[in-house]
Every structure is written in C-alpha cells, then in structure tokens.
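For reference, the structure discussed in these notes is given below.
Number of protein chains: 2
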Amino acid sequence: MILVKIAVDAMGGDNAPKTVVEGVLRARDEFADLEFCLYGDEQQVKPLIDNMERIEIIHTSEVIDMNDEPVKAIRRKKDSSMVQAAQAVKENKADALFSCGNTGALLTAGLLIVGRVKGVSRPGLLSTLPVLNATSGDGRFNLLDSGANADGKPEQLYQYALLGKYYAQNVRGLANPRIGLLNNGTEPHKGSKLTLEAHQLIAADDSINFVGNVEARDLLTGVCDVVVADGFTGNAVLKAIEGTASATLHLLKDAIMAAGVSGKLGALMLKPVFKELKGKLDQSQYGGAVLLGAKAPVVKAHGASDAKTVYYTLKQIREIVAGQVVEKFSAYLEQQRSEQTENN
Amino acid sequence: MILVKIAVDAMGGDNAPKTVVEGVLRARDEFADLEFCLYGDEQQVKPLIDNMERIEIIHTSEVIDMNDEPVKAIRRKKDSSMVQAAQAVKENKADALFSCGNTGALLTAGLLIVGRVKGVSRPGLLSTLPVLNATSGDGRFNLLDSGANADGKPEQLYQYALLGKYYAQNVRGLANPRIGLLNNGTEPHKGSKLTLEAHQLIAADDSINFVGNVEARDLLTGVCDVVVADGFTGNAVLKAIEGTASATLHLLKDAIMAAGVSGKLGALMLKPVFKELKGKLDQSQYGGAVLLGAKAPVVKAHGASDAKTVYYTLKQIREIVAGQVVEKFSAYLEQQRSEQTENN
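Same order as they appear, the protein sequences are chains A and B. Sequential numbering of the first sequence, starting at 1, is according to my numbering. Sequential numbering of the second sequence, starting at 1001, is according to my numbering.
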C-alpha cells in the first residue's frame, strides 16, 4: 500500500482550524493509506482530535490571513502554518500541500517554496466545474489556468494542455480526454495573438487529443473535458459561470416568493428538483483548485469550506498523488528535452 | 423634429429579408422621426412592404453570408447589401448602419468603410445584459468591448470607459453611470499588465465615475452600469453568462420532466415564474451590439433575430443617434487634444 502524506495548513480558512481538522479526521477514517501533518497552533488543533492515528501536529506560531499581501507574507511569516507546510513538501516530508487560506499566498508558496517542475515557466491553477447537460463523459470539466497567472504565454498554454491531459487521465480516469482551447470563435483562424500561437503549439503535439477552439458558452454542455485558457480569461470565465448560476437561482427564488400561494405550492412540489439543481451546481464535491506544474500538488479549497469540502479535497489530493500526475508530466517534459538534444 | 435615417442591410440574417422588413415597418409605424434606406434585392424586399412612407429601397445584387471571410467579403462584394449600406453611412446619406448579418464582416465594414472617430485606434463592441438581482439602476449593464478586438491596449480600454459613459448617459438616461474595469480581483494592485495600466488611465480622468475593478461574478448583481474589458475577455464573459443561464434553465426543465406527476404539477403552477425568468434573461429586448468609436453607430442584431428584436434594435439606434453619443465622445477627444496642445 502506498502511503500518501499530506501537509495541511490547519490555520487557513474562515472556520479554521475546526472544519479543517474535521475534514482531515473524516478522510483519515475512510482511507487507510492517508497520513497527515497538521501545521498550526497546537493548543487549538490538539483538542479537536480524539485519536492521533496517522496524524502528526507540528506547532507553528504565525498565521497568514486573508488580508496579508501574498509575497510579503510568504517571505516574512516564516513560522506560519502555510509556510511551514510548504517547507515540508519542499523537503519531501510530505507529498502535497493543502490549504483553505489566502489564495495569493498559497500560489506564492507553491511557486517560491515548493518550486516548479523543471522546464515549467509558470504553474497553472486547475479548477473543476460541472457539465450541466452531459450526454457523455463524467459530468464535469477542468479549466486551467483559472487564475494563477494574469499574463499567459503560448508555451504556458501548451503546458496547461499537457497538465490537463495527465490530470484527466490519472485523476478522472478518462482514457483519451478531449482538450479544448478557450477562444472567441471555433474557427482555427480566430483568436488573439496568444491563442493563435497556443493553438499551433497544442495542435502540433500528437499526444494531445486536441478538439480545437471552444467557446465559453459551450463549456457547461460538455464540449470538452479540459479547457485551456490564460489565467486572466480563465478566472473571468470561472467567475462568470459561478455568478450567473447563483444569480439565476436567486432570481428564481425571488420570483417564486413573489408568486403567492400557487408559486409556493409549485415550489414545494419542485423541492427535489431544486435540490438536484443546487447539488449539480455545487462545486465543493469536485474538490479544490490545484496548482499544477509545481513539484508537488498544491491544493486550495475555498476559504468558507465546511468539513465536507475539506474531505472531498483531501480525497482529490489522494487521487492526484496516487495517479502520479506531476511525475508523468515531468517525465514527458524530460523526454521532449532529450529528443530535442538528440535532434540538435 | 430631428429625422433619424437608418441604413438597413435588408439581406443579413437567417430570416432576411422578411423579419428585417417586418421589424422596420413596426419601427416606422411607431416613430414618426425614423426614416429607412433598405439595401437589398428589390424583387424580394418590395413585395414585403405595403406602404413606402419614409422607406426607400436601394437595389443591391450581392449578399455577404455567414460563411464569408470578413475582410475578403467587404473588399470584393462591392455591391452587397452590407457594403452599400455602410457606404451610405460613410457618405452621410444615413446616420447609422443596421444589420443581422455576418458579425465579422459588419465590424470590418464599420472599421474600413464607415471609419473611425479621429483619435480612436480601435472601436469597441458594446453589448447590453440584464442585471438579475437589482436593488437600484435600470436593470441592465453594458459590457464593452464584447468582441471587436481580440488584443486590447490600455488606451483602448480607457476610450471604452468614455464611450460606455456617453452611452449610459445619453441612451439609458443615467446621470452619473458607474464604470467598472473587469479584473481578476477588486484590489487596485491586482490584474494583468493590461488592466493595471488601463486602471491608471481611467482613474486619472475625473469625468468618469470610476468604481474600480469589478469581478465577473458580480456583474449580474449590478456592481456597475458599464463594465470595460478587452475584447477577448469581454467576449468570453458574455458567452459564459449566456451559456450558463441557458444551461441552468435547461437543467431545470430536464429535472422537472424527470420528476413525474408532482414535478409537472409544480411546473404548471410555476409557469408564470418561469416566463418571468426567461423574459429577464432574454437579451433581445435590450437591442443589439453597437460598434462604438466608429464615425456613426454600426449596430448588429443576432442572425436569428425575429421582427421584435429588429424593432427593439432600431429603437435603440434611434436613441443612440438622438442622444448624440458619437458626437459627444468625439467632442471630448477634441477637447483633450486641444488641452494637450496648449500644455505643450
């Protein structure tokens, strides 16, 4: 049995350390191959744990909060739970880093402390979203970069296509994931300078099942399994989808409330339908956002995560580590480099 | 009474010329100050018109279709309805150009035939979207550039902020429209190179009520009246909003259908609610997409537009021309230039 060891920033998030520890305990109880190093205030963390099996607490004296400026925080708060957890991953004491804390600081810790895979200029953030009207596939899609780098380069987008492929194959279990490039039109001649160049690079790699350009309006109907974008656009699309789904449901609720007795009766009858809809739109079951391209997975769950979300995200990390996503990607880059050397 | 003369590409769109002409007739009958020049195949157009009051037909022998390559089509199909209509606007025979045809070709016609306002490097496309959970404002927001230019520059985004302001003031009647910059975070230090520079430029102009950076997730709840973006991101956000609203409603419908008798009964009782929801999400009532920064308004309605959408869009053009949006923007740029000359 391969043990997967996760370094946990126990102090990150709105309800830390309580919900973080609860999620850890649930994952520990369910998966016999998981081990945890919890970084945080021992006085707060310890009383939350009944049984220390496969759990170690490493006391830290500082916390990076949501208002901290990321780079400054990572450089100065050396004894923070986040920096210490990242340091453990860097020193191979753990296989992955998990936090519900300050996103910018976590990305910085991934970049500056955990470090990049050789040949990667900028790691990208992978998010998982639901496919709402799926006729095939596993009912979800990955979007990367969903916000790690505001200024993308063609080579980076090509690497995101590869990273997305390895993720979809080894975590989601798709044999031949369909990779799309987010663009302002499906025709190959359409796009910005960035997407036109990225298109060429991705299309030139036969190992990628490239379905070409895809438009944001078709993502939720499952036009591809992985969509590649620069971090600025990816972030905007992610937030537009979240905001629209939420605003549509709110509007529906308000309209029902205003519709009087028949509206309320109708709503009562449709209660299971609304529950199903909300469930499909709820992203927490799909885990967190994964910084891919770092030497080990660095995974972020929402600041307001409850224990269930923490649990799902730890489960996801287990699959990323066991699926050797980073190792396979790294080996492919290594193979490309040696082929280029031979050709020169 | 100021007469507003609109050059209409009668052959553009899936149901042209029928729906285009029907929309024109409805607008003509309602507004005594509207005049129309219809460019198209006279044999097809004329039989659709009962009464030629304030309508002129100019026969053209070619049509630009959806599969035509934009620049090539504009250069070669000189006697097409779209090129001839654009030519009329260039020669001041009409105040604005309307088409349901090929978007790329229309943008090219706007740029190459109608031409740019002096000092504008690239006109931007303005779209109107609904605010779903409004507590104030007029229940909509404008997004520009929603897709005219895939590669935006800071100076262009600043001009979009100005154009959006003049549009919101003079077409929507907002005294002091709130202008936001689409970004990957609300903090002023966040952003891409492009948005960081654009932020500075917009913030430096006291004539703009700049509310700072806004995120895509807050657009539908009315965080600002006009949101400025580069055309690539703006296009992606527009399509993400459309796609998510549509997919959410479909999912709801499917779930209701699968929910058996109580689901169908509930749906029946909620019928007025669903109708209201669909109405709010229906963008046709807000008119078309407007190319702003060209010497005259160039306005695009969806290829599948029905007569009602054509009518709403013609009504919108009447307001843009009467509101002198282009003239006011142009005068402001002129004033800036003369101030700079004085300072030098």
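Idealized CB from N, CA, C, for every residue including glycine.
Could you give the first and the last residue of the continuous beta strand (DSSP E) run that contains Gly-1040 of chain B?
Position 40 of the second sequence, counted from the start, is the residue given in the question as residue 1040 of chain B. Counting along the chain, the beta strand (DSSP E) containing Gly-1040 of chain B begins and ends at 1034-1040.
Which residues mark the beginning and the end of the alpha helix (DSSP H) in which His-199 of chain A is found?
As a working note, residue 199 of chain A is residue 199 in the first sequence. For His-199 of chain A, the uninterrupted alpha helix (DSSP H) segment begins and ends at 193-203.
Cα separation between His-189 of chain A and Leu-1292 of chain B?
As a working note, residue 189 of chain A is residue 189 in the first sequence. As a working note, residue 1292 of chain B is residue 292 in the second sequence. In a straight line, the C-alpha of His-189 of chain A is about 25 Å away from that of Leu-1292 of chain B.
Name the residue from A:His-302, A:Gly-13 and A:Phe-36 whose alpha carbon lies nearest to the alpha carbon of Met-52 of chain A.
Counting from 1 along the first sequence, the entry for residue 52 of chain A is found at position 52. Put simply, of A:His-302, A:Gly-13 and A:Phe-36 the residue whose alpha carbon is nearest the alpha carbon of Met-52 of chain A is A:Phe-36.
Any Cβ of chain B within less than 8 Å of the Cβ of Thr-248 of chain A?
As a first step, residue 248 of chain A must be located in the first sequence, where it is residue number 248. Judged by the 8 Å Cβ criterion, Thr-248 of chain A is in contact with chain B.
If we count the other Cβ atoms within 10 Å of its Cβ and call it buried at 16 or more, is Val-261 of chain A buried or exposed?
The residue given as residue 261 of chain A occupies position 261 in the first sequence. With fewer than 16 other Cβ atoms from the protein chains shown falling within 10 Å of its own Cβ, Val-261 of chain A counts as exposed.
Just checking my contact of Leu-163 of chain A with Val-237 of chain A at CB under 8 Å: how many whole Å lie between their CB atoms?
Here the question's residue 163 of chain A lines up with position 163 in the first sequence. Here the question's residue 237 of chain A lines up with position 237 in the first sequence. That belief does not hold up - the Cβ atoms of Leu-163 of chain A and Val-237 of chain A are roughly 18 Å apart, past 8 Å.
Can you check whether the CB of Asn-1015 of chain B is closer than 8 Å to the CB of Ile-1064 of chain B?
Mapped onto the second sequence, residue 1064 of chain B falls at position 64. Mapped onto the second sequence, residue 1015 of chain B falls at position 15. Not closer than 8 Å, so no.
Could you say which of A:Ser-284, A:Asp-206, A:Arg-76 and A:Lys-239 lies nearest to Ser-146 of chain A if we only look at CA atoms?
One-based indexing of the first sequence puts residue 146 of chain A at position 146. Per the Cα distances, A:Lys-239.
Just the chain A side, please: which residues come within less than 7 Å of Phe-1232 of chain B by C-beta, in chain order?
For the purposes of this step, residue 1232 of chain B is identified with residue 232 of the second sequence, where counting begins at 1. Correct list: Asn-184, Ser-192 and Thr-233.
Strictly by DSSP, which residues pair up with Ser-1246 of chain B?
Start at 1 with the first residue of the second sequence, and residue 1246 of chain B comes out as number 246. Residue pairing for Ser-1246 of chain B: DSSP places it in no beta bridge.
Just curious, the alpha helix (DSSP H) that Ala-994 of chain B is in, first and last residue?
Chain B is shown from 1001 up to 1344; residue 994 of chain B falls before or after that span and cannot be answered.
Along the segment 1147-1160 of chain B, what residues have a CB closer than 7 Å to any CB found in chain A?
Listed in sequence order: Gly-1147, Ala-1150 and Asp-1151.
Out of curiosity, what's the CA-to-CA distance linking Ala-1356 of chain B and Tyr-286 of chain A?
Residue numbering for chain B in the displayed model covers 1001 to 1344; residue 1356 of chain B lies beyond these limits and cannot be assessed.
Can you pull the chain B neighbours of Glu-242 of chain A, defined as C-beta to C-beta under 7 Å?
Within the first sequence, the letter at position 242 stands for residue 242 of chain A. Proximity of chain B to Glu-242 of chain A at the Cβ level (cut-off 7 Å) is accounted for by Arg-1217, in chain order.
Under a three-way DSSP split, which group does Ala-1216 of chain B fall into?
One-based indexing of the second sequence puts residue 1216 of chain B at position 216. In this structure, Ala-1216 of chain B counts as helix in the three-state DSSP scheme.
Can you tell me which of the three DSSP states Ile-49 of chain A falls into?
The residue labelled residue 49 of chain A in the question sits at position 49 within the first sequence. Ile-49 of chain A falls in the coil class under three-state DSSP.
In whole angstroms, give me the CA-to-CA distance for Ile-1058 of chain B and Gly-1013 of chain B.
As a first step, residue 1058 of chain B must be located in the second sequence, where it is residue number 58. As a first step, residue 1013 of chain B must be located in the second sequence, where it is residue number 13. A straight line joining the alpha-carbon of Ile-1058 of chain B with that of Gly-1013 of chain B spans about 18 Å.
Would you say Ala-10 of chain A and Leu-38 of chain A are within 8 Å of each other, going by their C-beta atoms?
To locate residue 10 of chain A, count along the first sequence from 1; it is residue 10. To locate residue 38 of chain A, count along the first sequence from 1; it is residue 38. With respect to Leu-38 of chain A, Ala-10 of chain A sits close: the two C-beta atoms are nearer than 8 Å.
In the DSSP assignment, the alpha helix (DSSP H) including Asn-229 of chain A goes from what residue to what residue?
Counted from its first residue, the first sequence places residue 229 of chain A at position 229. In the sequence as displayed, the identity of residue 229 of chain A is Ala instead of Asn. Under the DSSP assignment, Ala-229 of chain A falls outside any alpha helix (DSSP H); it carries neither an H nor an E label.
For the 8 Å Cβ check, are there 3 or more pairs between the segment 97-113 of chain A and the segment 184-199 of chain A?
They do not touch, by the three-pair rule.
In the DSSP output, which residue or residues are listed as bridge partners for Ile-1057 of chain B?
Residue numbering aside, residue 1057 of chain B sits at position 57 when the second sequence is read from its first letter. B:Leu-1038, per the DSSP bridge assignment.
For Lys-278 of chain A, which of helix, strand or coil comes out of DSSP?
Numbered from its first residue, the first sequence carries residue 278 of chain A at position 278. Helix, per DSSP.
Would Asn-343 of chain A be called buried (16 or more neighbouring beta carbons within 10 Å of its own) or exposed?
Here residue 343 of chain A refers to the residue found at position 343 when the first sequence is read from its first residue. Label assigned to Asn-343 of chain A: exposed.
Quick one: does Leu-1003 of chain B have its CB under 8 Å from some CB of chain A?
Start at 1 with the first residue of the second sequence, and residue 1003 of chain B comes out as number 3. False, the Cβ-Cβ gap to chain A never drops below 8 Å.
Less than 8 Å between CB atoms is the rule here; does Pro-272 of chain A satisfy it with respect to chain B?
For the purposes of this step, residue 272 of chain A is taken as the residue at position 272 of the first sequence. The beta carbon of Pro-272 of chain A sits closer than 8 Å to some beta carbon of chain B.
Look up Lys-1005 of chain B in the DSSP assignment and say whether it is helix, strand or coil.
Against the second sequence, residue 1005 of chain B aligns to sequence position 5. In the structure shown, Lys-1005 of chain B sits in a strand (DSSP, three-state: E or B).
Report buried or exposed for Thr-1019 of chain B, applying the criterion of at least 16 other Cβ atoms within 10 angstroms of its Cβ.
For this step, residue 1019 of chain B is matched to residue 19 along the second sequence. Classification for Thr-1019 of chain B: buried.
Proximity of Val-1004 of chain B and Ala-1267 of chain B at Cβ, strictly below 8 Å:
Mapped onto the second sequence, residue 1004 of chain B falls at position 4. Mapped onto the second sequence, residue 1267 of chain B falls at position 267. No, the Cβ-Cβ distance between Val-1004 of chain B and Ala-1267 of chain B is not below 8 Å.
Can you tell me which of A:Ala-161, A:Ile-113 and A:Ala-255 puts its alpha carbon nearest to the alpha carbon of Arg-76 of chain A?
For this step, residue 76 of chain A is matched to residue 76 along the first sequence. Among A:Ala-161, A:Ile-113 and A:Ala-255, the Cα nearest to that of Arg-76 of chain A belongs to A:Ile-113.
On the DSSP bridge list, what partners appear for Gly-124 of chain A?
Residue numbering aside, residue 124 of chain A sits at position 124 when the first sequence is read from its first letter. DSSP lists A:Leu-292 as partners of Gly-124 of chain A.
So the alpha helix (DSSP H) Val-1321 of chain B belongs to, where does it begin and stop?
On the second sequence, residue 1321 of chain B is found 321 positions in, with the first residue counted as 1. Note, Val-1321 of chain B: alpha helix (DSSP H), 1307-1322.
If the criterion is Cβ atoms closer than 8 Å, does the pair Arg-1122 of chain B and Gln-1087 of chain B meet it?
In the second sequence, the residue the question calls residue 1122 of chain B occupies position 122. In the second sequence, the residue the question calls residue 1087 of chain B occupies position 87. For Arg-1122 of chain B and Gln-1087 of chain B, no; Cβs fall outside 8 Å.
Cα-Cα separation between Glu-1242 of chain B and Phe-141 of chain A, rounded to whole angstroms:
What you label residue 1242 of chain B is simply residue 242 of the second sequence in a count that begins at 1. What you label residue 141 of chain A is simply residue 141 of the first sequence in a count that begins at 1. Rounded to the nearest angstrom, the two C-alpha atoms are 18 Å apart.
Cβ of Asn-1209 of chain B less than 8 Å from any chain A Cβ?
One-based indexing of the second sequence puts residue 1209 of chain B at position 209. So no, Asn-1209 of chain B is outside the interface.
Please classify Lys-1090 of chain B as buried or exposed, where buried requires at least 16 other C-beta atoms within 10 Å of its C-beta.
Within the second sequence, residue 1090 of chain B is the residue found at index 90, counting from 1. Counting Cβ neighbours within 10 Å, Lys-1090 of chain B comes out buried, since at least 16 surround it.
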